[in-house]
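Chemist: To start, I am sharing the structure in question, which I have written as structure tokens.
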Amino acid sequence: MNENPKHIHIRDFQYDLPDERIAKFPLPERDHSKLLLYRHGEVSEDHFYNLPHHIPAGSLMIFNNTKVIQARLHFRKETGALIEVFCLEPIEPNDYALNFQQTRHSAWLCMIGNLKKWKEGPLHREMTVKGLPVTLTATRGECRGTSHWVDFTWDNAEVTFADILEVFGELPIPPYLNRETQESDLVTYQTVYSKIKGSVAAPTAGLHFTPRVLDALKQQGVDLEELTLHVGAGTFKPVKSEEIEGHEMHTEYISVSRATIAKLLAHNGQAIAVGTTSVRTLESLYHIGLTVMEHPDASEEELHVRQWQPYELPAAKASIPATDALQALLDYLNRHQMEALHTSTQIIIAPGYDYKIVKAMVTNFHQPQSTLLLLVSAFVHGDWRKIYDYALAHGFRFLSYGDSSLLIP
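In the working numbering, the protein residues as written are 34 to 442.
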């Protein structure tokens with residue numbers, strides 16, 4: 034049985050992060066950032082372009098290939114008030130790819146900026162997309178927690194919702210950068226291998242990789258695989274409750290191909306994860322595999338990983354090897370003739386969590402009192418302060434556009 038972390042006090046994960054240590058922009062060359070190395074309790078440093086020298090030949094590295102969408106839409110009311118509509122996740126249709134292909138109507142769960150000025154009635158915005166005149170209309174629906182259902186309609190069937198976001202949307206850079214999105218962010222806030230549209234925040238550990246580093250890893254005999262987790266705005270949601278039991282994790286959508294699961298099995302169920310999003314997806318696979326073992330015909334919705342699910346396992350189940358769980362998952366996909374698993378996860382990884390698949394991770398430096406810092410602490414068996422003290426004392430840059438680390442517990 035895993036130790037239940039519900040009563041962890043988030044104040045124990047506080048550290049002093051001066052504003053000047055938050056990287057407002059990336060370095061001119063992605064792979065020239067600093068790389069902190071944490072190996073079995075020892076800390077040292079290098080440059081990111083040397084990462085391949087620190088990865089053993091024959092390893093499997095897994096990357097999140099999600100692409101950040103231009104999810105912020107601005108409308109101006111006749112009164113002059115500016116309303117921001119921030120698309121968080123698709124509702125109708127709720128499949129990302131299908132939603133982006135819509136040509137008349139699309140509904141999203143959105144956060145709304147300046148909500149008090151949008152009491153009723155639709156908002157309109159006229160634009161030119163692919164040389165065609167388009168009027169986009171946004172109509173606010175029901176409130177869902179801190180978000181709202183918003184229906185988007187437009188009057189030109191030759192234009193998709195993806196086209197509209199591309200022309201009319203703004204890339205949502207992290208709020209703590211305290212600056213406007215710039216043209217350069219359109220390139221620098223995407224990984225070089227981003228493919229599948231759907232995130233509202235970048236999987237930032239991947240921002241350091243260049244074709245040169247990826248090629249060097251392959252030449253080193255490292256297997257590279259991809260999965261998809263669409264990063265939600267909840268990734269920036271601070272833990273406001275005293276104990277983490279009071280924090281509700283956001284749901285994120287994941288997609289993992291049958292080939293990636295087979296590759297994981299070929300590597301004995303072990304991988305090096307690039308970024309906390311890859312970590313959350315890989316560790317969720319283990320728990321999804323256990324669900325499939327018990328419910329072989331569960332629907333993909335029923336495979337959703339609940340926030341506290343890993344901590345509720347009886348001892349006998351918690352000791353099932355990762356290879357058994359992954360094999361059950363592969364059998365499930367084969368049985369249902371599915372090329373990929375599409376489901377969601379709300380997993381919280383905190384001290385007390387027992388990692389099953391991830392054996393090393395590449396990650397940036399995270400905000401104080403964040404769930405990402407809890408995830409790192411769980412991975413390095415509580416040794417996070419040594420890592421962060423070193424980074425603060427040695428000029429490392431923090432958060433999304435900051436420096437990187439390779440953690441090997």
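C-beta: ideal position from N, C-alpha, C; glycine also.
None of the values given here were measured: they were computed from a predicted structure.
Can you tell me which of the three DSSP states G174 falls into?
Modeler: On the sequence shown, position 141 is the one that residue 174 refers to. In this structure, G174 counts as strand in the three-state DSSP scheme.
Chemist: Measuring CA to CA, which of T168, P51, G302, H399 is closest to L363?
Modeler: Counted from its first residue, the sequence shown places residue 363 at position 330. Of T168, P51, G302, H399, the residue nearest in Cα terms is G302.
Chemist: In angstroms with no decimal places, state the Cα-to-Cα distance between P271 and T404.
Modeler: One-based indexing of the sequence shown puts residue 271 at position 238. One-based indexing of the sequence shown puts residue 404 at position 371. One C-alpha to the other measures close to 8 Å.
Chemist: So W417 is in the alpha helix (DSSP H); what residue range does that whole segment cover?
Modeler: Stepping through the sequence shown from its first residue, residue 417 is reached at position 384. Per DSSP, W417 belongs to the alpha helix (DSSP H) from 417-426.
Chemist: Could you pull out every residue in the same chain whose Cβ sits closer than 6 Å to the Cβ of L445, ignoring the five residues on either side in sequence?
Modeler: In the structure displayed, the chain extends from 34 to 442; residue 445 sits before or after that span and is not available.
Chemist: Candidates E372, T170, L315: which alpha carbon is nearest I380's?
Modeler: For the purposes of this step, residue 380 is taken as residue 347 along the sequence shown, with counting starting at 1. If we check each option's Cα against that of I380, L315 comes out closest.
Chemist: Give the straight-line distance between the Cα atoms of R44 and K163, rounded to the nearest whole angstrom.
Modeler: In the sequence shown, counting from the first residue as 1, residue 44 sits at position 11. In the sequence shown, counting from the first residue as 1, residue 163 sits at position 130. Taking the straight line joining both Cα atoms gives about 51 Å.
Chemist: Just to confirm my understanding: we take H328, look at its own chain, exclude 5 residues before and 5 after, and list those with CB closer than 8 Å. What are they?
Modeler: In the sequence shown, the residue the question calls residue 328 occupies position 295. Result list for H328: E335, in chain order.
Chemist: Report whether the distance from the Cβ of Y434 to the nearest heavy atom of the ligand MN is below 8 Å.
Modeler: As for the ligand MN, it is missing from this structure, which has no ligand bound.
Chemist: Enumerate, from N- to C-terminal direction, the unbroken beta strand (DSSP E) stretches of 3 or more residues contained entirely within the stretch 358-421.
Modeler: For the stretch 358-421, whole beta strand (DSSP E) runs of length 3 or above, ordered along the chain, are 373-378, 391-397.
Chemist: Let me check one thing: in DSSP terms, what residues is A140 bridge-paired to?
Modeler: Residue mapping note: residue 140 aligns to position 107 of the sequence shown, counting from 1. Paired residue(s): E125, D184.
Chemist: Is the stretch 304-319 touching the stretch 387-407, taking contact as three or more C-beta pairs under 8 Å?
Modeler: A contact exists between the stretch 304-319 and the stretch 387-407.
Chemist: Am I right that N98 and I229 are in contact with their C-beta atoms under 8 Å? What's the rounded C-beta distance?
Modeler: Indexing the sequence shown from 1 puts residue 98 at position 65. Indexing the sequence shown from 1 puts residue 229 at position 196. Right, their Cβ atoms sit about 6 Å apart.
Chemist: How many Å lie between T378 and G279 at the Cα?
Modeler: As a working mapping, residue 378 is identified with position 345 in the sequence shown. As a working mapping, residue 279 is identified with position 246 in the sequence shown. Roughly 18 Å separates the two Cα atoms.
Chemist: Quick one: Cα of S290 to Cα of K389, how far?
Modeler: As a first step, residue 290 must be located in the sequence shown, where it is residue number 257. As a first step, residue 389 must be located in the sequence shown, where it is residue number 356. Taking the straight line from one Cα to the other gives about 19 Å.
Chemist: DSSP three-state label for M282, please.
Modeler: Start at 1 with the first residue of the sequence shown, and residue 282 comes out as number 249. M282 falls in the coil class under three-state DSSP.
Chemist: With DSSP as the reference, label V162 as helix, strand or coil.
Modeler: Taking the first residue of the sequence shown as 1, we reach residue 162 at position 129. V162: strand per DSSP, three-state reduction.
Chemist: Determine whether the Cβ of L425 lies closer than 9 Å to any Cβ atom of chain D.
Modeler: In the structure shown, chain D cannot be found, because there is only a single protein chain.
Chemist: Kindly identify the DSSP beta-bridge partner or partners of I229.
Modeler: In the sequence shown, residue 229 corresponds to position 196, counting from 1. Beta-bridge pairing links I229 to T99.
Chemist: According to DSSP, is V272 helix, strand or coil?
Modeler: Looking up residue 272 in the sequence shown gives position 239. Three-state result, V272: coil.
Chemist: Could you pull the start and end residues of the alpha helix (DSSP H) that A235 belongs to?
Modeler: Position 202 of the sequence shown, counted from the start, is the residue given in the question as residue 235. No alpha helix (DSSP H) contains A235, which DSSP labels as neither H nor E.
Chemist: So, for H42: in the same chain, excluding its five sequence neighbours on each side, which residues have a beta-carbon less than 7 Å away from its beta-carbon?
Modeler: On the sequence shown, position 9 is the one that residue 42 refers to. Around H42: E275, E276.
Chemist: Can you tell which of H414, S437, H157, H399 has its C-alpha closest to the C-alpha of Y48?
Modeler: Indexing the sequence shown from 1 puts residue 48 at position 15. For Y48, the nearest C-alpha among the options comes from H399.
Chemist: Which two residues bound the contiguous alpha helix (DSSP H) that contains T221?
Modeler: Position 188 of the sequence shown holds residue 221. T221 -> alpha helix (DSSP H) spans 218-221.
Chemist: Please list the terminal residues of the continuous alpha helix (DSSP H) segment that includes R11.
Modeler: No statement about residue 11 is possible, as the shown extent of the chain runs from 34 to 442 and does not include it.
Chemist: Taking DSSP as the reference, what is the three-state secondary structure of M34?
Modeler: For the purposes of this step, residue 34 is taken as residue 1 along the sequence shown, with counting starting at 1. The predicted model places M34 with a pLDDT of 41, which falls under 50 and marks its position as unreliable; any figure quoted below should be read in that light. Note: M34 maps to coil in three-state DSSP.
Chemist: Between the C-alpha atoms of V233 and D422, what's the straight-line distance to the nearest angstrom?
Modeler: Counting from 1 along the sequence shown, the entry for residue 233 is found at position 200. Counting from 1 along the sequence shown, the entry for residue 422 is found at position 389. Spanning the two alpha carbons is a distance of roughly 30 Å.
Chemist: Nearest-angstrom Cα distance between A355 and A238?
Modeler: Counting from 1 along the sequence shown, the entry for residue 355 is found at position 322. Counting from 1 along the sequence shown, the entry for residue 238 is found at position 205. When rounded, the distance between both Cα atoms is 25 Å.
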